[in-house]
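Residue numbers (the numbering used here): 6 to 208. For every residue, glycine included, the Cβ atom is placed at its ideal position computed from N, Cα and C. Single-structure report; data block below.
Below is the structure:
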């Protein structure tokens, strides 16, 4: 009786380097059919604007919009970072400005996912606003000066209020010390009382 032999079949994940080299050659040759053949049956792609493409017609549109439809377009690989069946591919293409970064996932020597990483949006920093830095410094200094002047004016107004209140209190106190005239009858009594006091003194 012969020995039993067990064969374990393991699905081999493809090396993305091979697929990237084939894609580069297809783009430089403007061979859309060769590029389509690199995607598996369920392969998909995404452009820098986040639009999703799949199927033969969708992938054809994606390829034509990203270099394959530009006459004379050529790409040059700048870097490739591979981890198992995943890769980050950075390249320069004459069809677009700057560098393009792509995330790729491969299965069985075919592209499963081909996603272009969106480029960072325009910065809104002061240095890219078109105005010189010294002008911004002057505007900031003027704003600080206005704030300080307003604060001083408010502080002076607050300082005047207690002084005015003190003067008003003193004036009221002085008015309170003056004798207040009584009723008219009291004045008549005082007038008649004065002669009587004189007569009693003579007697």
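Own chain residues within Cβ distance below 6 Å of residue 36, not counting five before or after: Here residue 36 corresponds to residue number 31 of the chain shown, with the count starting at 1. In the same chain as residue 36, and ignoring 5 residues on each side of it, no C-beta atom comes closer than 6 Å to its own.
Sequence-distant residues of the same chain with beta carbon closer than 7 Å to residue 84, five excluded per side: Mapped onto the chain shown, residue 84 falls at position 79. Correct list, in chain order: 95.
DSSP state of residue 99 mapped onto helix, strand, coil: Position 94 of the chain shown holds residue 99. Residue state, collapsed to three classes: coil.
Buried or exposed by the 16-neighbour rule on C-beta atoms within 10 Å, applied to residue 72: Position 67 of the chain shown, counted from the first residue, corresponds to residue 72. With 16 or more other Cβ atoms within 10 Å, it is buried.
Contact the segment 110 to 122 vs the segment 37 to 49: 3+ CB pairs below 8 Å: Output reads yes: the segment 37 to 49 touches the segment 110 to 122.
Contacts around residue 107, its chain only, beta-carbon distance under 6 Å, and the 5 residues preceding and following it disregarded: Here residue 107 is taken as the residue at index 102 of the chain shown, counted from 1. Within the same chain, residue 107 has close Cβ partners 94, 121.
Cβ distance (whole Å) where residue 55 is taken to contact residue 123 below 8 Å: Within the chain shown, the letter at position 50 stands for residue 55. Within the chain shown, the letter at position 118 stands for residue 123. The pair is a contact, with the Cβ atoms about 7 Å apart (cut-off 8 Å).
Span of the beta strand (DSSP E) around residue 72: The residue you call residue 72 lines up with position 67 of the chain shown. First-last for residue 72: undefined, no H or E at that position.
CB of residue 97 within 8 Å of CB of residue 21, strictly: What you label residue 97 is simply residue 92 of the chain shown in a count that begins at 1. What you label residue 21 is simply residue 16 of the chain shown in a count that begins at 1. By the CB criterion at 8 Å, residue 97 and residue 21 fall outside the cutoff.
Beta bridge counterpart(s) of residue 64 as assigned by DSSP: Numbered from its first residue, the chain shown carries residue 64 at position 59. None; residue 64 has no bridge partner.
As assigned by DSSP and simplified to three states, the class of residue 52: Here residue 52 is taken as the residue at index 47 of the chain shown, counted from 1. Of the three classes helix, strand and coil, the one that applies to residue 52 here is coil, per DSSP.
Start-to-end residues for the alpha helix (DSSP H) that takes in residue 32: In the chain shown, residue 32 corresponds to position 27, counting from 1. Element bounds for residue 32: 21 to 33.
CB of residue 32 within 8 Å of CB of residue 61, strictly: Taking the first residue of the chain shown as position 1, residue 32 is located at position 27. Taking the first residue of the chain shown as position 1, residue 61 is located at position 56. Contact: no.
Boundaries (first-last residue) of the beta strand (DSSP E) holding residue 104: Along the chain shown, read from residue 1 onward, the residue named residue 104 stands at position 99. From DSSP, the beta strand (DSSP E) with residue 104 extends over 104 to 112.
For residue 29 and residue 65, believed in contact at Cβ under 8 Å, the rounded distance: What you label residue 65 is simply residue 60 of the chain shown in a count that begins at 1. What you label residue 29 is simply residue 24 of the chain shown in a count that begins at 1. Between residue 65 and residue 29 a beta carbon distance of about 18 Å is seen, past the 8 Å cut, so the two are scored as non-contacting.
Residue 85, enclosing alpha helix (DSSP H) - first and last residue: Here residue 85 corresponds to residue number 80 of the chain shown, with the count starting at 1. Premise fails: residue 85 lies in the beta strand (DSSP E), 80 to 88, not in any alpha helix (DSSP H).
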